[in-house]
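A short worksheet on the structure shown next.
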Amino acid sequence: MTSQAASLLGNPALRQALELLNGDGEEARVVGGAVRNALLGRPVHEFDIATTATPDVVVARAENARLRSIPTGIAHGTVTVLVGGVPFEITTLREDVETDGRHAVIRFGRDFVDDARRRDFTINALSMGLDGQVHDYTGGLADLAARRVRFIGDAGQRIREDFLRVLRFFRFSADYADGPLDAEGLAAAIRERAGLAILSRERIRQELLKLLVARRAAAVVAVISECGLLGPLLHGVAQPARLSRLLRIDPEADGPLRLAALGVQISEDAERLRMALRLSNQEAARLDTAAKALVALHGIDLPPPIGDLRTMLFRAGRQGACDALRLAQAESRAAASDSAWSAALRFLRDTPEPHMPFSGADLMARGFSGRALGEALKNLQAQWIRAGFPQDSRTLAALLDDVGKSTPS
79 MTSQAASLLG
89 NPALRQALEL
99 LNGDGEEARV
109 VGGAVRNALL
119 GRPVHEFDIA
129 TTATPDVVVA
139 RAENARLRSI
149 PTGIAHGTVT
159 VLVGGVPFEI
169 TTLREDVETD
179 GRHAVIRFGR
189 DFVDDARRRD
199 FTINALSMGL
209 DGQVHDYTGG
219 LADLAARRVR
229 FIGDAGQRIR
239 EDFLRVLRFF
249 RFSADYADGP
259 LDAEGLAAAI
269 RERAGLAILS
279 RERIRQELLK
289 LLVARRAAAV
299 VAVISECGLL
309 GPLLHGVAQP
319 ARLSRLLRID
329 PEADGPLRLA
339 ALGVQISEDA
349 ERLRMALRLS
359 NQEAARLDTA
369 AKALVALHGI
379 DLPPPIGDLR
389 TMLFRAGRQG
399 ACDALRLAQA
409 ESRAAASDSA
419 WSAALRFLRD
429 TPEPHMPFSG
439 ADLMARGFSG
449 RALGEALKNL
459 QAQWIRAGFP
469 QDSRTLAALL
479 DDVGKSTPS
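Yeah, the sequence shown ends on 487 if you go by my numbering, and it's all consecutive.
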């Protein structure tokens, strides 16, 4: 297992970064997620390095090697160094002096053991030096082998140091653990739940969306809901059962669709989540579009007929229509492999989106203006939809002639 971690040293940029920081009484190691993922055979996308060297020494060594350094978190001992275009976050070993539930006052240290024990989970406290040896001071290797996520030391204390660890416990359990959640960690998360109130909405959004796309999202979200923690996070009623059904239907569903399955029934829910989680404009718009299209689909057990699907495609667009159909299927009693729903989804994905072939200018040319123009355009659109979204010039001219018979004002 440890040989998998040592394979990281085949990365020339990483070796150069470690060699830069080693020597003259200093030592550097790869820490945290890179070691954990390498041991599990998972992709490693970024490297964090811990070092006994203080930030000024790190910057000086980078400058001497003609490498660019960026003081990304200098107050907390973090300097980003670019090696061969690859960014490495390099952080001086630390000890906590004081914590307030989110931020810590730290002092620099020189002990890898102390640095490891201040981290959150055992599987995140592993480190590896240039010799390829994996250092484990908290039982992380055994927990990785057992697919367990455990806090280091007293779970309640770890959480009180940083209440975001409640959400990280659930997120890492969904991604890295198998079987029931660690009992001590779960009990501590429930006891310390009031601390979630001090977290920023942006950080809650970030952790929740990562949790929702994790390997065991449905099972862990169900636990969070049973513990009474999910409603306060979403500021409303959660539907973990609908999320679970969505993931059986569509295991590849992305984060926003999973969030919609969990917390959106009507447009007001989308707005509530926008505020509660500080969603981006794009995320909020997607939830709102899906919610509006979903309203007409609540309670159905079969997909709508082709004509209604085409109308939904016109009104909601491809993304919104597909989202709403998936949510409706997740609400229905249909089997995950139901062929009718699959055919409906294929129709929405493959059919060109209808586009209104008329504009206000067409009606203005016929004498419409002001409020009458808006009403006429609305009626023309309704007639075009009822006619089956025609595109041929003869039918379009007839529709224009028909609406033009109204007296403009």
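Yeah, the Cβ is synthetic: ideal placement off N, Cα and C, and Gly gets one too.
When 330, 129, 447, 470 are compared against residue 206, the one with the closest alpha-carbon
Mapped onto the sequence shown, residue 206 falls at position 128. Residue nearest to residue 206 within the set 330, 129, 447, 470 is 129 (criterion: CA-CA distance).
Rounded C-beta distance between residue 403 and residue 426? I'm assuming under 8 Å.
Numbered from its first residue, the sequence shown carries residue 403 at position 325. Numbered from its first residue, the sequence shown carries residue 426 at position 348. Between residue 426 and residue 403 the Cβ distance is about 6 Å, and since that is below 8 Å, they are a contact.
Element boundaries [beta strand (DSSP E), containing residue 157]
Here residue 157 corresponds to residue number 79 of the sequence shown, with the count starting at 1. Unbroken beta strand (DSSP E) run through residue 157: 156-161.
Are the region 296-306 and the region 388-403 in contact at 8 Å, needing three or more beta carbon pairs?
The answer is no - the region 388-403 does not touch the region 296-306, with fewer than three Cβ pairs under 8 Å.
Of the residues 294, 194, 479, the one placed nearest residue 225, counting alpha carbons only
Within the sequence shown, numbered from 1, the residue matching residue 225 stands at position 147. Sorting 294, 194, 479 by C-alpha distance to the C-alpha of residue 225 places 294 at the top.
Which runs of the alpha helix (DSSP H) spanning at least 4 residues fall entirely within the region 172-240, listed in chain order?
190-195, 218-223, 233-239, all fully within the region 172-240.
Mind the definition here: the region 159-175 touches the region 209-224 only if three or more C-beta pairs lie below 8 Å; say whether that holds.
Fewer than three Cβ pairs drawn from the region 159-175 and the region 209-224 lie within less than 8 Å of each other, which leaves the two stretches out of contact.
Which residues mark the beginning and the end of the beta strand (DSSP E) in which residue 167 is found?
Taking the first residue of the sequence shown as position 1, residue 167 is located at position 89. It spans 164-170 - the beta strand (DSSP E) in which residue 167 sits, taken as one unbroken run.
Can you tell me the Cα-Cα spacing of residue 97 and residue 138, whole angstroms?
Taking the sequence shown and counting its residues from 1, one reaches residue 97 at position 19. Taking the sequence shown and counting its residues from 1, one reaches residue 138 at position 60. Roughly 14 Å between the two C-alpha positions.
Round the Cβ separation of residue 461 and residue 480 to the nearest angstrom and send it over; I've been treating them as touching at under 8 Å.
Working through the sequence shown from its first residue, we reach residue 461 at position 383. Working through the sequence shown from its first residue, we reach residue 480 at position 402. The distance from the Cβ of residue 461 to that of residue 480 is about 7 Å, consistent with a contact at the 8 Å cut-off.
I'd like to know if residue 408 contacts chain C, where contact means its C-beta is closer than 7 Å to some C-beta of that chain.
Although the question refers to chain C, the structure presented lacks it and comprises just one protein chain.
Roughly how many angstroms separate the alpha carbons of residue 418 and residue 459, rounded to a whole number?
Within the sequence shown, numbered from 1, the residue matching residue 418 stands at position 340. Within the sequence shown, numbered from 1, the residue matching residue 459 stands at position 381. In a straight line, the C-alpha of residue 418 is about 29 Å away from that of residue 459.
CA-CA distance, residue 141 and residue 276?
As a working mapping, residue 141 is identified with position 63 in the sequence shown. As a working mapping, residue 276 is identified with position 198 in the sequence shown. So the alpha carbons of these two residues sit roughly 40 Å apart.
DSSP state of residue 149 mapped onto helix, strand, coil
Your numbering for residue 149 matches position 71 in the sequence shown. The three-state secondary structure of residue 149, taken from DSSP, is strand.
contact_flag[the region 261-271, the region 225-237] where n(CB pairs < 8 Å) is 3 or more:
Taking a cut-off of 8 Å on C-beta distances, the region 261-271 touches the region 225-237, as three or more cross pairs fall below it.
Cβ-Cβ distance between residue 414 and residue 327 below 7 Å
As a position in the sequence shown, residue 414 is number 336, starting the count at 1. As a position in the sequence shown, residue 327 is number 249, starting the count at 1. Yes, these two residues count as a Cβ contact at 7 Å.
DSSP-derived helix/strand/coil call for residue 257:
Your numbering for residue 257 matches position 179 in the sequence shown. Of the three classes helix, strand and coil, the one that applies to residue 257 here is coil, per DSSP.
Note down the Cα distance separating residue 436 from residue 473, rounded to an integer number of angstroms.
Locating residue 436 in the sequence shown gives position 358, where the first residue counts as 1. Locating residue 473 in the sequence shown gives position 395, where the first residue counts as 1. Roughly 12 Å between the two C-alpha positions.
Taking a contact to mean a Cβ-Cβ separation below 7 Å, would you say residue 279 touches residue 352 in this structure?
Residue 279 sits at position 201 when you count from the first residue of the sequence shown. Residue 352 sits at position 274 when you count from the first residue of the sequence shown. Result no, Cβ atoms of residue 279 and residue 352 do not sit closer than 7 Å.
Using 10 angstroms around the beta-carbon of residue 193, count the other beta-carbons present and answer buried if the total reaches 16, otherwise exposed.
Taking the first residue of the sequence shown as position 1, residue 193 is located at position 115. Classification for residue 193: buried.
Look at residue 83 and residue 104 and say whether their C-beta atoms are less than 7 Å apart.
In the sequence shown, counting from the first residue as 1, residue 83 sits at position 5. In the sequence shown, counting from the first residue as 1, residue 104 sits at position 26. For residue 83 and residue 104, no; Cβs fall outside 7 Å.
Does any heavy atom of the ligand MN sit closer than 6 Å to the C-beta of residue 379?
In terms of ligand content, the structure shown is empty, and the ligand MN therefore cannot be addressed.
In three-state terms, what does DSSP make of residue 109?
Within the sequence shown, the letter at position 31 stands for residue 109. DSSP places residue 109 in strand when its eight states are reduced to three.
So residue 425 is in the alpha helix (DSSP H); what residue range does that whole segment cover?
Counted from its first residue, the sequence shown places residue 425 at position 347. Where residue 425 is concerned, the enclosing alpha helix (DSSP H) starts and stops at 417-428.
From what residue to what residue does the alpha helix (DSSP H) around residue 386 run?
As a first step, residue 386 is located in the sequence shown; it is residue number 308 there, counting from the start. From DSSP, the alpha helix (DSSP H) with residue 386 extends over 384-409.
Quick one: what does DSSP say residue 129 is sitting in, helix, strand or coil?
Residue 129 sits at position 51 when you count from the first residue of the sequence shown. Here residue 129 sits in strand by DSSP.
Rounded C-alpha distance that separates residue 331 from residue 397
Position 253 of the sequence shown, counted from the start, is the residue given in the question as residue 331. Position 319 of the sequence shown, counted from the start, is the residue given in the question as residue 397. Pairing residue 331 with residue 397, the inter-Cα distance amounts to about 12 Å.
C-beta atoms of residue 339 and residue 321 nearer than 7 Å
Numbered from its first residue, the sequence shown carries residue 339 at position 261. Numbered from its first residue, the sequence shown carries residue 321 at position 243. Here residue 339 is near residue 321, since their CB atoms are less than 7 Å apart.
Going by beta carbon distance, what residues of the same chain come within less than 7 Å of residue 384, once the five residues before and after it are set aside?
In the sequence shown, the residue the question calls residue 384 occupies position 306. Contacts found: 425.
Residues near residue 109 in its chain [Cβ-Cβ closer than 6 Å; skip 5 each side]:
What you label residue 109 is simply residue 31 of the sequence shown in a count that begins at 1. Counting only Cβ-Cβ distances below 6 Å, and skipping sequence neighbours, we find 126, 128, 205.
In terms of DSSP beta bridges, what is residue 104 paired with?
To locate residue 104, count along the sequence shown from 1; it is residue 26. Answer is 101.
Closest by C-alpha distance to residue 410, when choosing among 432, 323, 467, 471
Counting from one through the sequence shown, the residue named residue 410 turns up at place 332. Of the candidates 432, 323, 467, 471, 323 places its Cα closest to the Cα of residue 410.
To the nearest whole angstrom, what separates the beta carbons of residue 250 and residue 267, a pair I think is in contact under 8 Å?
Counting from one through the sequence shown, the residue named residue 250 turns up at place 172. Counting from one through the sequence shown, the residue named residue 267 turns up at place 189. At roughly 12 Å, the Cβ-Cβ gap does not stay under 8 Å, so residue 250 and residue 267 are not in contact.
Completely contained alpha helix (DSSP H) runs for the region 324-391, where each covers 4 or more residues
Runs of the alpha helix (DSSP H) inside the region 324-391: 333-341, 345-355, 359-372.
Starting from residue 315, trace the alpha helix (DSSP H) in both directions and tell me its first and last residue.
The sequence position of residue 315 within the sequence shown is 237, counting from 1. For residue 315, there is no enclosing alpha helix (DSSP H), as DSSP marks it with neither H nor E.
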